[in-house]
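Enquirer: Quick note on full-length UniProt numbering: the sequence shown kicks off at 1 and runs consecutively. Attaching a single structure in structure tokens format; questions to follow.
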Amino acid sequence: MPKIGNIELPEFPLLLAPMEDVSDPPFRALCKEQGADVVYTEFISSEGLIRDAAKSVIKLDIYEKERPVGIQIFGAELDSMLQAVDIVEKSNPDIIDINFGCPVKKVVCKNAGAGILRDIPLMVKLTEEIVKRTKLPVTVKTRLGWDSDSIKIVEVAERLQDVGIEAISIHGRTRVQMYKGEADWSPIAEVKNNQRMRIPVFGNGDVDTPEAAVKMRDEYGLDGAMIGRASIGYPWFFKEVKHYFKTGEHLAPPTMEERVDAARRHLQMSIDWKGEKLGVFETRRHYTNYFKGIPHFKDYRMKMVTSDDSADVFAAFDEVLEKFGDFQFA
Numbered sequence: 001m002p003k004i005g006n007i008e009l010p011e012f013p014l015l016l017a018p019m020e021d022v023s024d025p026p027f028r029a030l031c032k033e034q035g036a037d038v039v040y041t042e043f044i045s046s047e048g049l050i051r052d053a054a055k056s057v058i059k060l061d062i063y064e065k066e067r068p069v070g071i072q073i074f075g076a077e078l079d080s081m082l083q084a085v086d087i088v089e090k091s092n093p094d095i096i097d098i099n100f101g102c103p104v105k106k107v108v109c110k111n112a113g114a115g116i117l118r119d120i121p122l123m124v125k126l127t128e129e130i131v132k133r134t135k136l137p138v139t140v141k142t143r144l145g146w147d148s149d150s151i152k153i154v155e156v157a158e159r160l161q162d163v164g165i166e167a168i169s170i171h172g173r174t175r176v177q178m179y180k181g182e183a184d185w186s187p188i189a190e191v192k193n194n195q196r197m198r199i200p201v202f203g204n205g206d207v208d209t210p211e212a213a214v215k216m217r218d219e220y221g222l223d224g225a226m227i228g229r230a231s232i233g234y235p236w237f238f239k240e241v242k243h244y245f246k247t248g249e250h251l252a253p254p255t256m257e258e259r260v261d262a263a264r265r266h267l268q269m270s271i272d273w274k275g276e277k278l279g280v281f282e283t284r285r286h287y288t289n290y291f292k293g294i295p296h297f298k299d300y301r302m303k304m305v306t307s308d309d310s311a312d313v314f315a316a317f318d319e320v321l322e323k324f325g326d327f328q329f330a
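If you want it as structure tokens, here you go:
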């Protein structure tokens, strides 16, 4: 059974990936209910934390029902990252995760996220100092490399392990690829098969069906899967994968009533956590997947994603349940 530090995990755990404007407490709670074994926060800027920026500080909120939960930070300046670790520790997470994989230009241009893949010695040094700074287990999320000509992930993972990380999650694309093309899990398997590796190696990228999760486990031999885009607006994905592991059969998709109930709860929790305006706005990205596959749904979806008043969105949920309550999802 894989472990992150002293945190014992089930066989082939499923982890909720840290996703900006997605992996907030309301969504993490829903994913946890549906079988996510470890959840990570949205990535948090080290510079934002030490400046006490409200957008960064609010991301430190975690709740007991989420555990084990990891707080993810990013940055490229050693002093800022160490100060951020001190701040993060006060929120008492179970894990501190370092983001060395975000491909977004505004992050990369500061040498943070996947940008640091162009400077492996700095990546290792930052990690070493962060491990020394905290008693919490430190994990890393990264990519295969900067581009196809600079993939050294086997060596990089070993060096990060040697300075003290407790697990590594690897997205099967380079930074140059962004999210295009197919994820390549073969280099991740090479990391796992390195005889010197003794920490869990989790795969990420294109785990979008239960069959893909089985393939990652059985053919590539990885220790677990980190789930990202497949879970957006569909927290049931974790439960469906686990059901498939046990039975080899697909779990029946959630009913319309279950989907509406989850959407309602998601919106209400978001409003309770970040207020009416942001709660309504930042939940919009989930509705397409909550109600994917319903014919002639455009007018209802438009109500959900254009209204600034939560009462209108809740009313739209009621209309959907009334009109499409008997709809059978494939």
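Every residue gets a Cβ at the ideal spot worked out from N, C-alpha and C, and that includes glycine.
#1: Is asparagine 193 helix, strand or coil when you go by DSSP?
#2: Alpha carbon to alpha carbon, how far is threonine 174 from phenylalanine 297? Give it in angstroms, no decimals.
#3: Under 6 Å Cβ to Cβ from glycine 113, same chain only, skipping five residues before and after it: list those, please.
#4: Hey, how far is the Cα of isoleucine 58 from the Cα of glutamate 77?
#5: In terms of DSSP beta bridges, what is valine 201 paired with?
#6: Determine the DSSP secondary structure at isoleucine 44, reduced to helix, strand or coil.
#7: So the beta strand (DSSP E) isoleucine 98 belongs to, where does it begin and stop?
#8: Is the beta carbon of phenylalanine 245 closer than 9 Å to that of aspartate 223?
#9: Considering Cα atoms alone, identify which of Ser148, Asp162, Asp147 and Ser150 is closest to valine 140.
#10: Under a three-way DSSP split, which group does phenylalanine 12 fall into?
#11: If you count every other CB in all the chains shown that lies within 10 Å of the CB of methionine 234, and 16 or more means buried, which is it?
#12: Spatial neighbours of isoleucine 62 within its chain, please: CB distance less than 8 Å, with the 5 preceding and 5 following residues excluded, ordered by chain position.
#13: If you compare alpha carbons, which of Pro200, Gly228 and Asp261 is closest to leucine 9?
#14: Indicate whether at least one CB of chain D lies closer than 9 Å to the CB of valine 191.
#15: Beta carbon of isoleucine 168, beta carbon of leucine 16: below 9 Å?
#16: So, helix, strand or coil for lysine 90, using DSSP?
#17: Given a cut-off of 9 Å on the beta-carbon distance, is the pair glutamate 89 and leucine 136 in contact?
#18: Quick one: what's glutamine 72 bridged to in DSSP?
#19: Please say whether asparagine 194 and valine 241 have beta carbons closer to each other than 9 Å?
#20: Considering only C-alpha positions, which residue in the set Arg301, Lys3, Met269 and Phe237 is nearest to proline 254?
#21: Going by other Cβ atoms of all chains shown within 10 Å of its Cβ, with 16 needed for buried, is valine 32 buried or exposed?
#22: Which of helix, strand or coil does DSSP assign to lysine 303?
#23: Go to lysine 246, then tell me how far its alpha helix (DSSP H) extends in each direction, as first and last residue.
#24: Which whole-angstrom value describes the C-beta separation of leucine 117 and arginine 143, a residue pair presumed to lie in contact below a C-beta threshold of 8 Å?
#25: How big is the Cα-Cα spacing for valine 38 and methionine 81?
#26: Take valine 131 and list the residues in its own chain whose beta-carbon comes closer than 8 Å to its own, dropping the five residues that flank it on each side.
#27: Is alanine 311 helix, strand or coil when you go by DSSP?
#28: With threonine 174 as the anchor, note down where its alpha helix (DSSP H) starts and where it stops.
#29: What residues match up with glycine 224 in a beta bridge as DSSP calls it?
#30: I'd like the list of long-range same chain contacts for tyrosine 290, defined as Cβ closer than 6 Å, with 5 residues on each side in sequence excluded.
#31: What would DSSP say about valine 104, mapped onto helix, strand or coil?
#32: Is valine 201 near the ligand MG, going by C-beta to nearest heavy atom under 8 Å?
#33: Look at the alpha carbon of histidine 243 and the alpha carbon of threonine 134, and state the distance between them as a whole number of angstroms.
#34: Give the straight-line distance between the Cα atoms of arginine 265 and arginine 196, rounded to the nearest whole angstrom.
Expert: Answer, in terms of the structure:
#1: helix
#2: A direct Cα-to-Cα measurement between phenylalanine 297 and threonine 174 gives close to 36 Å.
#3: Phe74, Asn99, Cys102 and Val107
#4: The straight-line gap from Cα to Cα measures roughly 22 Å.
#5: In DSSP, valine 201 forms a bridge with Ile168.
#6: strand
#7: 95 to 100
#8: no
#9: Asp162
#10: coil
#11: The question names methionine, but residue 234 in the sequence shown is tyrosine. Burial call: buried.
#12: Only Pro25, Thr41, Val69, Ile71, Ser91, Asn92 and Pro93 meet the Cβ criterion.
#13: Pro200
#14: This model lacks chain D altogether, as it is built from one protein chain only.
#15: no
#16: Of the three classes helix, strand and coil, the one that applies to lysine 90 here is coil, per DSSP.
#17: Leucine 136 is positioned such that its CB atom lies closer than 9 Å to that of glutamate 89.
#18: Asp97
#19: Not a contact, by the Cβ cut-off of 9 Å.
#20: Phe237
#21: Note that residue 32 is lysine in the sequence shown here, rather than valine. Answer is buried; the Cβ neighbour count reaches 16.
#22: helix
#23: Where lysine 246 is concerned, the enclosing alpha helix (DSSP H) stretches over 237 to 247.
#24: 7 Å
#25: 23 Å
#26: Val138, Val163, Gly164 and Ile165
#27: helix
#28: Run containing threonine 174: none; DSSP gives neither H nor E here.
#29: Phe202
#30: Gly233, Arg259 and Ala263
#31: coil
#32: Among the ligands in the structure shown, none appear at all, so the ligand MG cannot be discussed.
#33: Whole-angstrom Cα-Cα distance: 37 Å.
#34: 45 Å
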